[in-house]
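Chains as they are written, first to last, in this note's numbering: chain Y, 128 to 465; chain D, 128 to 465. Glycine included, every Cβ here is placed at the ideal spot set by N, Cα and C.
Protein chains: 2
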Amino acid sequence: MEFTRRNLFKISAGAVVAGAVGRLSMAADDPLPSWNDGPTKKAILDFVHATTDRMSSRFVPESERIATFDQDGTLWVEHPMYSQVVYCFDRVPAVVKAKPELANVEPFKTVMSGDREAVAKLSMEDLFKILAATLTGMSVDQFAADTKHWLEKARDPRWKRPYTELTYVPMTEVLTFMRSKGYKTYIVTGGGQDFVRQYSEKAYGIPPEQVVGTAGGTKYGYDKNGRPFLTKEPKLLLNDNNAGKPEGIHMMIGRRPFAAFGNSTGDKEMLEYTKAGDGERLAMLLLHDDSEREYAYGPAQGLPETKVGTFTQALYDEARSKGWVVVSMKNDWKRVLG
Amino acid sequence: MEFTRRNLFKISAGAVVAGAVGRLSMAADDPLPSWNDGPTKKAILDFVHATTDRMSSRFVPESERIATFDQDGTLWVEHPMYSQVVYCFDRVPAVVKAKPELANVEPFKTVMSGDREAVAKLSMEDLFKILAATLTGMSVDQFAADTKHWLEKARDPRWKRPYTELTYVPMTEVLTFMRSKGYKTYIVTGGGQDFVRQYSEKAYGIPPEQVVGTAGGTKYGYDKNGRPFLTKEPKLLLNDNNAGKPEGIHMMIGRRPFAAFGNSTGDKEMLEYTKAGDGERLAMLLLHDDSEREYAYGPAQGLPETKVGTFTQALYDEARSKGWVVVSMKNDWKRVLG
Numbered sequence: 128m129e130f131t132r133r134n135l136f137k138i139s140a141g142a143v144v145a146g147a148v149g150r151l152s153m154a155a156d157d158p159l160p161s162w163n164d165g166p167t168k169k170a171i172l173d174f175v176h177a178t179t180d181r182m183s184s185r186f187v188p189e190s191e192r193i194a195t196f197d198q199d200g201t202l203w204v205e206h207p208m209y210s211q212v213v214y215c216f217d218r219v220p221a222v223v224k225a226k227p228e229l230a231n232v233e234p235f236k237t238v239m240s241g242d243r244e245a246v247a248k249l250s251m252e253d254l255f256k257i258l259a260a261t262l263t264g265m266s267v268d269q270f271a272a273d274t275k276h277w278l279e280k281a282r283d284p285r286w287k288r289p290y291t292e293l294t295y296v297p298m299t300e301v302l303t304f305m306r307s308k309g310y311k312t313y314i315v316t317g318g319g320q321d322f323v324r325q326y327s328e329k330a331y332g333i334p335p336e337q338v339v340g341t342a343g344g345t346k347y348g349y350d351k352n353g354r355p356f357l358t359k360e361p362k363l364l365l366n367d368n369n370a371g372k373p374e375g376i377h378m379m380i381g382r383r384p385f386a387a388f389g390n391s392t393g394d395k396e397m398l399e400y401t402k403a404g405d406g407e408r409l410a411m412l413l414l415h416d417d418s419e420r421e422y423a424y425g426p427a428q429g430l431p432e433t434k435v436g437t438f439t440q441a442l443y444d445e446a447r448s449k450g451w452v453v454v455s456m457k458n459d460w461k462r463v464l465g
Numbered sequence: 128m129e130f131t132r133r134n135l136f137k138i139s140a141g142a143v144v145a146g147a148v149g150r151l152s153m154a155a156d157d158p159l160p161s162w163n164d165g166p167t168k169k170a171i172l173d174f175v176h177a178t179t180d181r182m183s184s185r186f187v188p189e190s191e192r193i194a195t196f197d198q199d200g201t202l203w204v205e206h207p208m209y210s211q212v213v214y215c216f217d218r219v220p221a222v223v224k225a226k227p228e229l230a231n232v233e234p235f236k237t238v239m240s241g242d243r244e245a246v247a248k249l250s251m252e253d254l255f256k257i258l259a260a261t262l263t264g265m266s267v268d269q270f271a272a273d274t275k276h277w278l279e280k281a282r283d284p285r286w287k288r289p290y291t292e293l294t295y296v297p298m299t300e301v302l303t304f305m306r307s308k309g310y311k312t313y314i315v316t317g318g319g320q321d322f323v324r325q326y327s328e329k330a331y332g333i334p335p336e337q338v339v340g341t342a343g344g345t346k347y348g349y350d351k352n353g354r355p356f357l358t359k360e361p362k363l364l365l366n367d368n369n370a371g372k373p374e375g376i377h378m379m380i381g382r383r384p385f386a387a388f389g390n391s392t393g394d395k396e397m398l399e400y401t402k403a404g405d406g407e408r409l410a411m412l413l414l415h416d417d418s419e420r421e422y423a424y425g426p427a428q429g430l431p432e433t434k435v436g437t438f439t440q441a442l443y444d445e446a447r448s449k450g451w452v453v454v455s456m457k458n459d460w461k462r463v464l465g
């Protein structure tokens with residue numbers, strides 16, 4: 128355990144309460160209790176030790192300790208469908224109510240019909256029309272209110288729980304552990320930056336300013352009382368996937384991460400960029416190989432194909448050849464959800 | 128003085144050294160020693176007290192304490208010319224050396240001629256060509272190295288000191304004071320984000336990830352050894368001036384500031400946006416009315432016209448009518464530079 132200002136304070140405060148220090152020491156013995164012992168868990172512990180122990184040759188000053196985490200499929204469940212896409216479909220009735228002329232225009236007509244088979248066949252172009260109509264055109268404050276309301280009432284179809292409860296316990300342990308060692312934890316997601324920022328603090332302890340995501344422009348203007356507000360524009364500024372992840376990290380953080388965590392081909396460039404830095408770097412990919420406790424998909428290692436969170440065999444092979452750590456959900460995690 | 132974890136630790140560590148606590152208390156008595164007593168200084172102290180004292184009806188939780196600072200003319204000297212523009216002109220010979228065909232192309236030919244009168248007459252279009260040629264096309268790492276080298280050797284023509292030493296002592300006191308009270312301090316500048324990030328930590332204690340500035344896109348690629356790198360592209364993503372400041376704040380921080388500091392018409396929208404939030408908000412504008420210790424320019428209040436950091440009478444009147452605080456460099460500051 129490193130004696131930082133923060134944990135020194137924790138210890139001195141804890142000492143006031145009888146027994147508290149004992150409990151703290153127990154917790155400190157294993158910061159990752161939901162991980163099975165083995166090389167994967169050891170890789171995380173070794174990396175954090177090597178970069179935060181002042182005696183280590185690979186010590187990293189606290190100000191440079193940046194760790195980036197993909198969200199969908201890395202920090203929480205992404206199957207059968209990204210939660211933000213569910214949000215967009217759920218918003219269509221409200222959009223059509225506000226603009227009744229859309230009721231007879233595709234793809235809104237199909238979505239309103241409730242014909243699931245027809246909805247499943249919508250093209251990417253149609254999907255983008257739905258995203259544009261449900262994610263832009265409103266004020267930033269209105270979008271925040273709509274999102275917050277949806278997050279409170281929406282339930283995942285399998286677990287019947289709010290999406291924000293479907294976070295992976297082992298990963299929240301990694302977040303907490305790394306922060307306790309002076310790492311600044313960032314989400315770097317292909318999901319919408321404004322969307323994820325609504326719950327990142329509550330779900331992960333990650334504040335809005337540490338969320339990098341796909342981002343559109345906003346437009347500054349004034350309401351009829353002269354009060355300024357920002358409107359979400361259908362203008363893409365950052366597509367935070369693939370090469371967009373290191374580009375977004377440079378734009379929003381301005382430093383190369385020392386550790387990066389992902390689970391799909393969209394994270395490949397972020398991991399490459401992270402590992403290309405000097406000194407000790409950690410790159411990890413989560414393989415969803417646990418159909419019982421969560422889902423199994425790849426197609427790496429013969430797992431079923433998927434369009435949501437694709438993990439190709441090529442990515443798996445690159446990971447193995449370059450010393451990136453592949454986490455097996457089935458074998459490395461004692462538990463998955465809280 | 129609020130008892131946060133950080134200053135509790137400071138105090139307990141200080142107590143080990145005889146007399147240290149006494150000195151700390153003295154410093155705590157006046158966190159803004161370079162400010163003259165009066166309504167301006169009081170406005171800052173009152174604001175910070177109102178938003179950080181748990182007993183206050185206008186208390187703001189620590190996670191929401193965001194303060195944004197324009198840089199040029201607010202945190203450091205911007206006259207006679209923005210330092211980044213000086214950098215760009217200084218870089219022209221190296222650019223022409225790398226691409227000799229530019230020697231006979233305008234505006235590079237004029238810059239290389241050394242004819243100051245002709246250079247002063249260059250159009251905005253010519254200026255943008257110089258900015259594009261000197262700020263894009265190279266790797267992010269190369270740009271950082273070039274900038275760092277220039278910052279070490281360049282000297283301001285009046286004070287013969289590095290630009291990074293021309294920061295305003297009263298403003299660095301505000302930064303330090305606000306951070307000691309749990310505020311996260313950000314630079315929000317019309318200057319180049321990548322440029323300012325090279326020295327913000329050293330000059331102001333503001334890390335790169337807390338610098339929002341005018342930003343261009345980057346492009347991810349691989350060198351001949353397969354090592355990934357980012358190239359600075361001539362593609363503007365954020366023009367962080369005027370309405371671009373609140374837009375940039377939303378993009379990069381995702382929260383509305385509680386306090387904002389500026390000095391020119393380019394900061395107007397940031398201050399409006401800040402003040403439009405609920406609860407206690409602070410908006411401040413620095414008026415350069417001190418030709419002796421620094422410079423005097425407006426044209427507000429009959430001060431000389433300028434194109435560098437224009438502070439119009441309309442902005443001055445808006446400030447007065449809306450309760451924004453106007454800082455007089457001449458009357459409010461005991462000293463200007465360190």
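### Query
Using 8 Å as the limit for Cβ to Cβ distance, is Val315(Y) near chain D?
no
Item to complete: At 8 Å on the CB atoms, spell out the chain D contacts of Leu202(Y), in chain order.
Response: The premise fails here: Leu202(Y) is roughly 18 Å from chain D at the closest Cβ pair, so nothing lies under 8 Å.
### Query
Of all the options Phe304(Y), Leu414(Y), Lys351(Y), Ala272(Y), which has the alpha carbon lying nearest to the alpha carbon of Trp451(Y)?
Leu414(Y)
| message | Using a Cβ-Cβ cutoff of 9 Å, what residues of the stretch 262-285 of chain D are near chain Y? List them in chain order. | response | Val267
(request) Identify the continuous beta strand (DSSP E) that holds Met182(D) and give its terminal residues. (result) That residue, Met182(D), is in no beta strand (DSSP E); it is neither H nor E in DSSP.
**Request:** Per DSSP, which residues does Leu409(D) bridge with? Please list them.
**Result:** Ala386(D)
Thinking C-alpha only, which one of Leu430(D), Lys256(D), Thr303(D), Lys308(D) is nearest Ala330(D)?
Thr303(D)
*asked:* Can you pull the chain Y neighbours of Ile380(D), defined as C-beta to C-beta under 8 Å?
replied: Pro335, Glu336
Fill in: Own chain, CB closer than 7 Å to Arg420(Y), minus 5 neighbours either side, in chain order
Val463
message = Assuming the contact rule is C-beta atoms closer than 8 Å, Val175(D) and Lys308(D) should be a hit. Round their C-beta distance to whole Å, please.
response = 5 Å
task: Spell out whether any CB of chain D is found under 8 Å from the CB atom of Ser190(Y).
output: yes
Beta-carbon of Val148(Y) versus every beta-carbon of chain D: anything under 8 Å?
-> Low confidence applies to Val148(Y): its pLDDT is 41, below 50, so where it sits in the model is not reliable enough to give any reading.
**Prompt:** Cβ atoms of Asp459(Y) and Thr167(Y): under 8 Å apart, would you say?
**Reply:** yes
Note to self: As an exercise, report each continuous alpha helix (DSSP H) stretch of at least 4 residues that is fully enclosed by the stretch 403-462 of chain D, in chain order.
What the structure shows: 440-449, 456-459
Sorted by chain position, which residues of the same chain lie with C-beta nearer than 6 Å to Arg408(Y)'s C-beta, five sequence neighbours on each side aside?
-> Phe385, Thr401, Lys402
- Counting only runs of 4+ residues fully inside the stretch 254-282 of chain D, write out the alpha helix (DSSP H) ranges in chain order. 267-280
>> On the criterion of 16 or more Cβ atoms from any shown chain inside 10 Å, does Gly231(D) qualify as buried, or is it exposed?
In response: In the sequence as presented, Gly is not what sits at residue 231(D); that position holds Asn. Looking at its Cβ environment, which holds fewer than 16 other Cβ atoms inside 10 Å, Asn231(D) is exposed.
>> In whole angstroms, give me the CA-to-CA distance for Val204(Y) and Thr294(Y).
In response: 7 Å
Would you kindly check if the distance between the Cβ of Glu374(Y) and the Cβ of Pro160(Y) is under 8 Å? no
| request: Output, in chain order, the set of chain D residues within a Cβ distance shorter than 7 Å of Arg354(Y). | output: Ala403
- Compare the C-beta of Thr345(D) with all C-beta atoms of chain Y and state if any pair is closer than 8 Å. yes
With 16 as the cutoff for other CB atoms within 10 Å, does Ser327(D) come out buried or exposed? buried
(message) At a CB distance below 8 Å, what residues from the stretch 390-415 of chain D approach chain Y? Give them in sequence order.
(response) Glu396, Glu399, Tyr400, Ala403
query = Touch check for the stretch 352-368 of chain Y and the stretch 316-323 of chain Y: three-plus C-beta pairs under 8 Å?
reply = yes
Give the interface partners of Ala170(D) over in chain Y, defined as CB-CB distance under 7 Å, in chain order.
Those do not exist, as Ala170(D) stays about 22 Å from chain Y at its closest Cβ, beyond 7 Å.
Q | Sequence-distant residues of the same chain with beta carbon closer than 7 Å to Met208(Y), five excluded per side | A | Val435
Practice item. Return the chain-ordered list of same chain residues with a C-beta closer than 6 Å to the C-beta of Pro335(D), the five sequence neighbours on each side being excluded. Key: Arg324
message = Which residues does DSSP list as the beta-bridge partners of Tyr347(D)?
response = Leu357(D)
Practice task
Output yes or no for whether 8 Å exceeds the beta carbon distance between Lys311(D) and Ile193(D).
Solution key: yes
- [ ] Return the Cβ separation of Thr291(D) and Asp199(D) in integer angstroms, given the expectation that the two are a contact with Cβ distance under 8 Å.
- [x] Actually they do not touch by this definition, with Cβ atoms about 13 Å apart.
query = Taking just the CA atoms, how far does Lys169(Y) sit from Asp416(Y)?
reply = 20 Å
Item to check | Where the stretch 196-223 of chain Y meets chain D: residues whose CB sits under 9 Å from a CB there | outcome: none
For the stretch 443-462 of chain D, enumerate the residues whose C-beta is nearer than 8 Å to any C-beta of chain Y, in chain order.
none
| message | Check this for me: beta carbons of Pro234(Y) and Leu258(Y), under 8 Å apart or not? | response | no
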